[in-house]
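Asker:
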Amino acid sequence: MICVGCDLGTVSAKAVVVKDGDILASEVVRYTSHPDQAANEVLHRALATAGLGQQQVDACVATGLGAKAVPFANGNAPDMLCLQQAARALNPRVRTIIDVGGHSLAAFNLDDRGVLLESAVVDKCAAGTGIFIDMMAETLEMPLDELVEASLSSGNPLLISNQCVVFAESEVITLVNEGHDRFDIFAGIASSVAAKIVGLAGRINIDEEVALVGGVAKNRLVVRGIEARLGLKLADLGGVDPQVVAALGAALVAGEREQAPKRK
21 MICVGCDLGT VSAKAVVVKD GDILASEVVR YTSHPDQAAN EVLHRALATA GLGQQQVDAC
81 VATGLGAKAV PFANGNAPDM LCLQQAARAL NPRVRTIIDV GGHSLAAFNL DDRGVLLESA
141 VVDKCAAGTG IFIDMMAETL EMPLDELVEA SLSSGNPLLI SNQCVVFAES EVITLVNEGH
201 DRFDIFAGIA SSVAAKIVGL AGRINIDEEV ALVGGVAKNR LVVRGIEARL GLKLADLGGV
261 DPQVVAALGA ALVAGEREQA PKRK
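The sequence shown begins at 21 in the numbering used here and counts up one residue at a time.
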(Lines of atoms letter the chains of each structure in order from A and count residues from 1; the text may use other names and numbers.)
(Lines give C-alpha, C1' and ligand atoms only; values in the text may rest on other atoms or scores of the structure.)
Protein backbone atom coordinates (compact mmCIF):
# COMPACT_ATOMS: atom_id res chain seq x y z
CA MET A 1 0.00 0.00 0.00
CA ILE A 2 1.33 3.43 -0.99
CA CYS A 3 0.44 6.24 1.42
CA VAL A 4 1.45 9.88 1.53
CA GLY A 5 1.58 12.26 4.45
CA CYS A 6 1.72 16.02 3.91
CA ASP A 7 2.58 18.46 6.70
CA LEU A 8 1.78 22.01 5.63
CA GLY A 9 3.23 24.43 8.15
CA THR A 10 3.59 28.19 8.13
CA VAL A 11 6.93 28.32 6.30
CA SER A 12 7.39 24.93 4.66
CA ALA A 13 5.53 22.01 3.12
CA LYS A 14 6.73 18.47 3.88
CA ALA A 15 5.72 15.21 2.23
CA VAL A 16 6.62 11.60 2.96
CA VAL A 17 5.83 8.62 0.75
CA VAL A 18 5.46 5.30 2.57
CA LYS A 19 5.00 1.78 1.25
CA ASP A 20 3.67 -0.72 3.80
CA GLY A 21 5.14 1.38 6.61
CA ASP A 22 8.59 1.88 5.02
CA ILE A 23 9.74 5.31 3.89
CA LEU A 24 10.32 5.56 0.14
CA ALA A 25 10.92 9.30 -0.12
CA SER A 26 10.58 12.61 1.68
CA GLU A 27 10.81 16.21 0.53
CA VAL A 28 10.67 19.71 2.05
CA VAL A 29 9.67 22.88 0.18
CA ARG A 30 9.82 26.35 1.72
CA TYR A 31 7.15 28.84 0.69
CA THR A 32 5.93 32.35 1.44
CA SER A 33 2.54 32.27 -0.29
CA HIS A 34 0.09 29.94 -2.08
CA PRO A 35 0.20 26.99 0.34
CA ASP A 36 -1.87 24.82 -2.01
CA GLN A 37 0.78 25.21 -4.71
CA ALA A 38 3.52 24.39 -2.21
CA ALA A 39 1.62 21.25 -1.21
CA ASN A 40 1.32 20.16 -4.85
CA GLU A 41 5.00 20.86 -5.47
CA VAL A 42 6.23 18.89 -2.46
CA LEU A 43 3.94 15.96 -3.35
CA HIS A 44 5.20 15.80 -6.92
CA ARG A 45 8.83 16.03 -5.76
CA ALA A 46 8.36 13.23 -3.24
CA LEU A 47 6.58 10.99 -5.73
CA ALA A 48 9.24 11.65 -8.36
CA THR A 49 11.96 10.70 -5.87
CA ALA A 50 10.04 7.50 -5.10
CA GLY A 51 9.56 6.80 -8.80
CA LEU A 52 5.77 6.83 -8.50
CA GLY A 53 2.82 8.60 -10.06
CA GLN A 54 -0.02 10.22 -8.12
CA GLN A 55 -2.44 7.60 -9.45
CA GLN A 56 -0.48 4.95 -7.54
CA VAL A 57 -1.18 6.57 -4.16
CA ASP A 58 -3.78 4.66 -2.14
CA ALA A 59 -4.35 7.27 0.57
CA CYS A 60 -3.11 10.67 1.72
CA VAL A 61 -3.57 12.48 5.02
CA ALA A 62 -2.64 16.11 5.67
CA THR A 63 -1.58 17.72 8.93
CA GLY A 64 -0.23 21.06 10.12
CA LEU A 65 -1.77 24.52 10.30
CA GLY A 66 -2.42 24.50 6.56
CA ALA A 67 -3.83 20.97 6.37
CA LYS A 68 -7.14 22.13 4.90
CA ALA A 69 -5.27 23.76 2.00
CA VAL A 70 -3.78 20.45 0.81
CA PRO A 71 -5.85 19.79 -2.32
CA PHE A 72 -5.07 16.09 -2.79
CA ALA A 73 -5.58 14.81 0.77
CA ASN A 74 -8.26 12.24 1.61
CA GLY A 75 -8.46 13.57 5.16
CA ASN A 76 -6.73 15.49 7.94
CA ALA A 77 -5.19 14.53 11.26
CA PRO A 78 -3.99 16.61 14.26
CA ASP A 79 -0.27 17.34 14.57
CA MET A 80 0.05 15.60 17.91
CA LEU A 81 -1.54 12.40 16.64
CA CYS A 82 0.83 12.32 13.67
CA LEU A 83 3.87 12.99 15.83
CA GLN A 84 2.79 10.28 18.26
CA GLN A 85 2.47 7.76 15.45
CA ALA A 86 5.78 8.62 13.82
CA ALA A 87 7.88 8.93 16.97
CA ARG A 88 6.63 5.62 18.29
CA ALA A 89 7.29 3.95 14.95
CA LEU A 90 10.82 5.34 14.77
CA ASN A 91 11.71 4.74 18.42
CA PRO A 92 9.17 2.93 20.66
CA ARG A 93 11.05 4.08 23.78
CA VAL A 94 10.17 7.75 23.17
CA ARG A 95 7.92 9.17 25.89
CA THR A 96 8.41 12.93 25.47
CA ILE A 97 8.20 14.78 22.15
CA ILE A 98 9.27 18.39 21.64
CA ASP A 99 8.14 19.92 18.35
CA VAL A 100 9.77 23.18 17.25
CA GLY A 101 8.21 24.58 14.10
CA GLY A 102 8.46 27.78 12.15
CA HIS A 103 6.08 29.73 14.41
CA SER A 104 5.19 27.41 17.30
CA LEU A 105 6.52 25.22 20.09
CA ALA A 106 4.87 22.15 21.57
CA ALA A 107 5.85 19.48 24.07
CA PHE A 108 3.91 16.43 25.15
CA ASN A 109 4.21 13.14 26.97
CA LEU A 110 3.09 9.64 26.01
CA ASP A 111 2.50 6.57 28.11
CA ASP A 112 3.98 3.17 27.20
CA ARG A 113 1.09 2.58 24.78
CA GLY A 114 1.68 5.85 22.96
CA VAL A 115 -1.37 7.55 24.48
CA LEU A 116 -1.14 11.31 25.11
CA LEU A 117 -0.78 12.19 28.81
CA GLU A 118 -0.10 15.93 28.95
CA SER A 119 0.93 18.75 26.65
CA ALA A 120 2.12 22.35 26.54
CA VAL A 121 1.91 24.63 23.50
CA VAL A 122 3.12 28.13 22.62
CA ASP A 123 1.84 29.55 19.33
CA LYS A 124 1.47 33.26 20.09
CA CYS A 125 5.16 34.19 20.30
CA ALA A 126 7.95 33.61 17.76
CA ALA A 127 10.72 33.40 20.39
CA GLY A 128 12.31 29.96 20.35
CA THR A 129 10.91 29.07 16.93
CA GLY A 130 12.45 28.61 13.51
CA ILE A 131 11.38 32.02 12.25
CA PHE A 132 13.12 33.68 15.22
CA ILE A 133 16.38 31.95 14.33
CA ASP A 134 15.99 32.80 10.64
CA MET A 135 15.41 36.47 11.44
CA MET A 136 18.46 36.61 13.69
CA ALA A 137 20.58 35.07 10.91
CA GLU A 138 19.27 37.72 8.51
CA THR A 139 20.18 40.42 11.03
CA LEU A 140 23.72 39.01 11.21
CA GLU A 141 23.79 38.95 7.39
CA MET A 142 25.07 35.39 7.08
CA PRO A 143 23.57 32.11 5.83
CA LEU A 144 22.10 30.12 8.70
CA ASP A 145 24.08 26.95 7.99
CA GLU A 146 27.36 28.86 8.04
CA LEU A 147 26.45 30.60 11.27
CA VAL A 148 25.59 27.32 13.01
CA GLU A 149 28.78 25.55 11.95
CA ALA A 150 31.07 28.46 12.84
CA SER A 151 29.29 29.20 16.13
CA LEU A 152 29.71 25.64 17.40
CA SER A 153 33.27 26.54 18.34
CA SER A 154 32.37 29.83 20.04
CA GLY A 155 34.06 30.11 23.41
CA ASN A 156 32.15 33.18 24.53
CA PRO A 157 28.40 33.02 23.80
CA LEU A 158 26.88 36.43 24.45
CA LEU A 159 23.76 36.68 26.55
CA ILE A 160 20.72 37.78 24.55
CA SER A 161 18.30 39.18 27.09
CA ASN A 162 15.34 39.92 24.81
CA GLN A 163 12.94 37.19 23.69
CA CYS A 164 10.74 39.47 21.58
CA VAL A 165 11.86 39.33 17.93
CA VAL A 166 11.85 43.11 17.46
CA PHE A 167 13.83 43.86 20.63
CA ALA A 168 16.18 40.91 20.07
CA GLU A 169 16.95 42.18 16.58
CA SER A 170 17.76 45.61 17.99
CA GLU A 171 19.97 44.04 20.66
CA VAL A 172 21.86 41.99 18.07
CA ILE A 173 22.44 45.07 15.89
CA THR A 174 23.81 46.91 18.94
CA LEU A 175 26.19 44.02 19.72
CA VAL A 176 27.44 43.95 16.12
CA ASN A 177 28.00 47.73 16.15
CA GLU A 178 29.96 47.37 19.39
CA GLY A 179 32.34 45.04 17.57
CA HIS A 180 31.36 41.73 19.11
CA ASP A 181 32.07 38.55 17.17
CA ARG A 182 29.08 37.43 15.08
CA PHE A 183 29.59 33.81 16.02
CA ASP A 184 29.59 34.61 19.74
CA ILE A 185 26.38 36.56 19.20
CA PHE A 186 24.74 33.70 17.35
CA ALA A 187 25.90 31.20 19.95
CA GLY A 188 24.09 33.36 22.50
CA ILE A 189 20.98 33.44 20.30
CA ALA A 190 21.00 29.64 20.04
CA SER A 191 21.44 29.39 23.80
CA SER A 192 18.41 31.63 24.39
CA VAL A 193 16.34 29.53 21.96
CA ALA A 194 17.38 26.33 23.74
CA ALA A 195 16.42 27.88 27.08
CA LYS A 196 13.00 28.88 25.72
CA ILE A 197 12.37 25.35 24.40
CA VAL A 198 13.45 23.66 27.61
CA GLY A 199 11.36 26.13 29.59
CA LEU A 200 8.29 25.02 27.67
CA ALA A 201 9.16 21.35 28.11
CA GLY A 202 9.50 21.99 31.83
CA ARG A 203 5.73 22.49 32.02
CA ILE A 204 5.30 18.73 31.60
CA ASN A 205 7.06 15.73 33.10
CA ILE A 206 10.13 15.13 30.94
CA ASP A 207 11.01 11.48 30.37
CA GLU A 208 14.57 10.32 29.68
CA GLU A 209 13.64 9.35 26.11
CA VAL A 210 13.02 12.76 24.55
CA ALA A 211 12.56 13.24 20.80
CA LEU A 212 13.14 16.66 19.25
CA VAL A 213 11.34 17.16 15.92
CA GLY A 214 10.70 20.02 13.52
CA GLY A 215 13.11 22.04 11.43
CA VAL A 216 14.96 23.50 14.43
CA ALA A 217 15.98 19.94 15.39
CA LYS A 218 18.47 20.14 12.49
CA ASN A 219 20.26 23.07 14.18
CA ARG A 220 23.17 21.39 15.98
CA LEU A 221 23.85 24.45 18.12
CA VAL A 222 20.32 24.50 19.52
CA VAL A 223 20.32 20.72 19.96
CA ARG A 224 23.52 20.93 21.98
CA GLY A 225 22.00 23.62 24.19
CA ILE A 226 18.85 21.59 24.80
CA GLU A 227 20.81 18.45 25.67
CA ALA A 228 23.00 20.40 28.08
CA ARG A 229 20.00 21.91 29.86
CA LEU A 230 18.08 18.64 30.04
CA GLY A 231 21.17 16.68 31.04
CA LEU A 232 20.48 13.92 28.50
CA LYS A 233 21.05 12.84 24.92
CA LEU A 234 18.04 13.32 22.66
CA ALA A 235 16.44 10.15 21.34
CA ASP A 236 17.63 8.58 18.10
CA LEU A 237 14.98 8.59 15.36
CA GLY A 238 16.85 6.34 12.98
CA GLY A 239 18.36 9.08 10.86
CA VAL A 240 14.99 10.35 9.61
CA ASP A 241 14.94 14.07 8.85
CA PRO A 242 13.32 15.56 12.00
CA GLN A 243 11.53 18.14 9.86
CA VAL A 244 9.39 15.47 8.16
CA VAL A 245 8.37 13.46 11.24
CA ALA A 246 4.82 14.88 11.32
CA ALA A 247 4.42 14.15 7.60
CA LEU A 248 5.59 10.60 8.23
CA GLY A 249 3.01 10.27 10.99
CA ALA A 250 0.32 11.53 8.61
CA ALA A 251 1.30 8.85 6.09
CA LEU A 252 1.09 6.18 8.80
CA VAL A 253 -2.33 7.48 9.85
CA ALA A 254 -3.40 7.31 6.20
CA GLY A 255 -2.36 3.66 6.10
CA GLU A 256 -4.26 2.82 9.27
CA ARG A 257 -7.41 4.52 8.01
CA GLU A 258 -7.17 2.76 4.66
CA GLN A 259 -6.90 -0.64 6.35
CA ALA A 260 -9.67 0.00 8.86
CA PRO A 261 -12.99 -1.78 8.19
CA LYS A 262 -15.28 0.39 6.09
CA ARG A 263 -18.67 1.33 7.46
CA LYS A 264 -21.55 -0.01 5.42
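Idealized CB from N, CA, C, for every residue including glycine.
Between the alpha carbons of valine 236 and alanine 188, how many angstroms are there, rounded?
Answerer: Stepping through the sequence shown from its first residue, residue 236 is reached at position 216. Stepping through the sequence shown from its first residue, residue 188 is reached at position 168. One C-alpha to the other measures close to 18 Å.
Asker: Mind checking whether asparagine 111 and alanine 231 have CB atoms under 8 Å apart?
Answerer: Position 91 of the sequence shown holds residue 111. Position 211 of the sequence shown holds residue 231. Contact flag set, yes.
Asker: Would you kindly report the start and end of the unbroken beta strand (DSSP E) that includes threonine 116?
Answerer: For the purposes of this step, residue 116 is taken as the residue at position 96 of the sequence shown. Note, threonine 116: beta strand (DSSP E), 116 to 120.
Asker: Please report the residue range of the beta strand (DSSP E) in which serine 174 lies.
Answerer: Counted from its first residue, the sequence shown places residue 174 at position 154. Counting along the chain, serine 174 falls outside any beta strand (DSSP E), and DSSP gives it neither H nor E.
Asker: With distance defined between alpha-carbon atoms, name the residue in Leu101, Val168 and Val38 nearest to glutamine 74.
Answerer: Along the sequence shown, read from residue 1 onward, the residue named residue 74 stands at position 54. Cα-wise, what sits closest to glutamine 74 is Val38.
Asker: Could you tell me the boundaries of the beta strand (DSSP E) in which isoleucine 22 lies?
Answerer: By 1-based counting over the sequence shown, the position of residue 22 is 2. Where isoleucine 22 is concerned, the enclosing beta strand (DSSP E) stretches over 22 to 28.
Asker: Within the same chain, show all residues whose beta-carbon is closer than 6 Å to that of valine 114, passing over the 5 residues directly before and after it, in chain order.
Answerer: Taking the first residue of the sequence shown as 1, we reach residue 114 at position 94. The residues are Ala107, Glu229, Ala231 and Ala255.
Asker: Determine the closest residue to proline 55 out of Thr69, Ser211, Ala33 and Arg65, with distance taken between C-alpha atoms.
Answerer: On the sequence shown, position 35 is the one that residue 55 refers to. Checked all of Thr69, Ser211, Ala33 and Arg65; the closest Cα to proline 55 is Ala33.
Asker: My output table needs one value for aspartate 40: the three-state DSSP class, helix, strand or coil.
Answerer: Locating residue 40 in the sequence shown gives position 20, counting from the first residue. Coil at aspartate 40, not helix or strand.
Asker: Any idea if glutamate 138 is buried or exposed, counting beta-carbon neighbours within 10 angstroms, 16 or more meaning buried?
Answerer: Looking up residue 138 in the sequence shown gives position 118. With fewer than 16 other Cβ atoms within 10 Å, it is exposed.
Asker: Can you find the residues in the same chain that come closer than 6 Å, C-beta to C-beta, to glutamine 183, ignoring five residues on each side of it along the sequence?
Answerer: For this step, residue 183 is matched to residue 163 along the sequence shown. Correct list, in chain order: Ala147.
Asker: Which residues does DSSP list as the beta-bridge partners of lysine 207?
Answerer: Here residue 207 corresponds to residue number 187 of the sequence shown, with the count starting at 1. The sequence given here has alanine at residue 207, not lysine. DSSP output for alanine 207 lists no bridge partner at all.
Asker: When the Cβ atoms of the stretch 242 to 253 are set against those of the stretch 270 to 282, are three or more pairs found closer than 8 Å?
Answerer: No, the stretch 242 to 253 does not touch the stretch 270 to 282.
Asker: To the nearest whole angstrom, what separates the beta carbons of alanine 214 and valine 81, a pair I think is in contact under 8 Å?
Answerer: One-based indexing of the sequence shown puts residue 214 at position 194. One-based indexing of the sequence shown puts residue 81 at position 61. Not a contact, Cβ separation roughly 32 Å.
Asker: Where does cysteine 80 sit, in a helix, a strand or coil, going by DSSP?
Answerer: If you number the sequence shown from 1, residue 80 lands on position 60. Residue state, collapsed to three classes: strand.
Asker: Taking C-alpha atoms, which residue in Ala210, Leu103 and Gly121 lies nearest to arginine 240?
Answerer: In the sequence shown, counting from the first residue as 1, residue 240 sits at position 220. Ranking the options by Cα distance to arginine 240, first place goes to Ala210.
Asker: Rounded to a whole number of angstroms, what is the C-alpha to C-alpha distance between asparagine 197 and phenylalanine 92?
Answerer: Reading the sequence shown from its first residue, position 177 is the one you call residue 197. Reading the sequence shown from its first residue, position 72 is the one you call residue 92. Whole-angstrom Cα-Cα distance: 50 Å.
Asker: Do you know offhand how far valine 135's Cα is from arginine 244's?
Answerer: The sequence position of residue 135 within the sequence shown is 115, counting from 1. The sequence position of residue 244 within the sequence shown is 224, counting from 1. If you take the alpha carbons of valine 135 and arginine 244, they lie about 28 Å apart.
Asker: Put leucine 137 into one of helix, strand or coil per three-state DSSP.
Answerer: For the purposes of this step, residue 137 is taken as residue 117 along the sequence shown, with counting starting at 1. Here leucine 137 sits in strand by DSSP.
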